[in-house]
Amino acid sequence: MAKRIQFSAYGGPEVLEFADYQPAEPGPHEVRVRNRAIGLNFIDTYYRSGLYPAPNFPTSLGTEGAGEVEAVGSAVTQFKVGDRVAYATGPLGAYSELHVLPADKLVRLPDSISFEQAAAVMLKGLTVQYLLRQTFPLQGGETILFHAAAGGVGLIACQWARALGVKLIGTVSSAEKAAQAKANGAWATIDYSHENVAQRVLELTNGAKCPVVYDSVGKDTWEISLDCVAPRGLMVSFGNASGPVTGVNLGILAQKGSLFVTRPTLFGYANTPERLQAMADELFGLIADGRIKVEVNQRFALADAAKAHTALASRQTTGSTVLIP
């Protein structure tokens, strides 16, 4: 038997329970990983609340973690017992001491990256990789807008943008978070609690606006973000922290300058083992040479996952948070 976090009905953090369960034996193409650290992400709250449907009940949560291979299926040749590995793209079940998942969801973890670093950075770092390097391949010299710049994804984006020579304008909710974003490489910040975001973007860009805006907030910032995109620019909506964007009138894209919009996911980019490993290798390389530093600012015991969800939803966290089995 092992321990995991599970839930049997949609709801708030109170539906999460710490329970015994029996991990499955790995199938032919599967690996069982003993988790040493587990990543906490907003997408976990989407599954818990029912915004994203769970596959069945009871079910565990989480798609990101790092640890050691404990057992391999009969057809697995790329990993062996004892290998250090990390994962970010599911299936659900990372909130557990032991997790069985397909071998093609794993990446090799260099000795230079700790389990906590990997669990804190895999989903967020790979998200930044596809956003800045694939969805809109930044060349350097651009001025971009990135919402929630002091969050886990945002702080990595600040550092990656600086490494690329890109001027990142980050939205934040306090002076403390503004200082944190700037310390991580943001060129400028906008405190949306008392500043007009669209007006400040106009001022910071001398009226040109941004060729790309990255928005993980969703409903509350949708129209604000569109007002910050330059003509024929790209609006990247990649999260729903304030709720999903619904009822979109495509005509507004014409009115605001023939804009483009995309709603990407990591799963759409890391869709083969080769692409996944290549994306991870680029991320690990930036960490290894010091251009990206992983800030694990909160640690919760796995049993306290509900407390971690409460802290995340109330924006009491900065940087990355990990659960420790």
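Here the sequence shown is numbered in the working numbering, starting from 67 and rising by one per residue.
All C-beta atoms, glycine included, are put in the ideal place defined by N, C-alpha and C.
Between the CA atoms of residue j and residue i - distance to the nearest angstrom
| i | j | result |
| --- | --- | --- |
| Pro89 | Glu208 | 48 Å |
| Val142 | Gly156 | 18 Å |
| Ser240 | Ser259 | 7 Å |
| Phe108 | Ala307 | 7 Å |
| Ala184 | Leu175 | 8 Å |
| Ala169 | Thr338 | 11 Å |
| Ala103 | Ser126 | 16 Å |
| Cys294 | Arg365 | 35 Å |
| Phe474 | Ala214 | The question about residue 474 has no answer here: the residues shown for the chain are numbered 67 through 391. |
| Phe30 | Gly217 | Examination of residue 30 is not possible in this model, given that the chain is present from 67 through 391 alone. |
| Glu361 | Val311 | 30 Å |
| Ala227 | Val327 | 21 Å |
Per-residue burial, residue i [other beta carbons within 10 Å of its own, 16 or more giving buried]
| i | result |
| --- | --- |
| Pro297 | exposed |
| Glu269 | exposed |
| Asp177 | exposed |
| Ser291 | buried |
| Ala371 | buried |
| Val147 | exposed |
| Ala247 | buried |
Own chain partners of residue i with C-beta closer than 6 Å, once the 5 adjacent residues on each side are dropped
| i | result |
| --- | --- |
| Ala223 | Val194 and Phe212 |
| Ala252 | Ala215, Cys224, Leu234 and Gly236 |
CB contact flag (residue i, residue j, <9 Å)
| i | j | result |
| --- | --- | --- |
| Pro92 | Ala137 | yes |
| Thr384 | Leu221 | yes |
| Met188 | Tyr161 | no |
| Leu389 | Thr111 | no |
| Val302 | Tyr280 | yes |
| Glu134 | Asp149 | yes |
| Asp286 | Gly313 | no |
| Glu96 | Leu167 | yes |
| Pro124 | Ser180 | no |
| Pro391 | Asn101 | yes |
| Pro79 | Thr376 | yes |
Residues of its chain near residue i, where Cβ-Cβ distance is below 7 Å and the 5 sequence neighbours each way are ignored
| i | result |
| --- | --- |
| Leu192 | Ala154, Leu332, Ala336, Met345, Ala346 and Leu349 |
| Ile318 | Leu292 |
Own chain, CB closer than 8 Å to residue i, minus 5 neighbours either side, in chain order
| i | result |
| --- | --- |
| Ala274 | Thr209 and Ala296 |
### Task
Starting from the N-terminal side, write out each stretch of the beta strand (DSSP E) that is 3 residues or longer and does not extend beyond the region 292-369.
295-303, 326-328 and 362-367
### Task
Within the region 231-298, note down every full beta strand (DSSP E) run reaching 3 residues or more, in order along the chain.
233-238, 254-257 and 276-281
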